[in-house]
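Just so we're aligned, residue 164 is where the sequence shown starts under our numbering, counting upward by one. Ideal Cβ positions, reconstructed from N, Cα and C, are used throughout, including at glycine.
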Amino acid sequence: MNPFDDPEARYRVLVNAEEQYSLWRVDIAVPDGWTVVLPDGGLAECLEHIDAHWTDMRPLSLRQNRPGPVRS
Numbered sequence: 164m165n166p167f168d169d170p171e172a173r174y175r176v177l178v179n180a181e182e183q184y185s186l187w188r189v190d191i192a193v194p195d196g197w198t199v200v201l202p203d204g205g206l207a208e209c210l211e212h213i214d215a216h217w218t219d220m221r222p223l224s225l226r227q228n229r230p231g232p233v234r235s
């Protein structure tokens, strides 16, 4: 089983400088370059937080250079 798919585990939500989000187990150290934005929650709660806050999947640097969607 993937350790990040365990519905019984406790998770946290991380974000990096590019405003990309990550689900991370609380029993694993936070990697360099990532900040905790939700320190402890269940799997569903953390995934809901990510869905609510990560509304544009493009990295921040790309959004700043191209603020709108590319249209043909």
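Since I believe V200 is in contact with S176 (beta carbons under 8 Å), could you give me their beta-carbon distance rounded to a whole number of angstroms? The displayed chain sequence assigns Val, not Ser, to residue 176. At roughly 5 Å, the Cβ-Cβ gap stays under 8 Å, so V176 and V200 are in contact.
Just to confirm before moving on: does the CB-CB distance between R188 and A172 stay below 7 Å? yes
Going residue by residue through the region 187-232, where are the continuous beta strand (DSSP E) segments of at least 3 residues, counting only ones entirely within it? 197-204
Candidates E182, P170, M164 and P166, of which the one nearest M220 by Cα: E182
Take C209 as the anchor and find which of L225, L186, Q227 and T218 has the nearest alpha-carbon. L186
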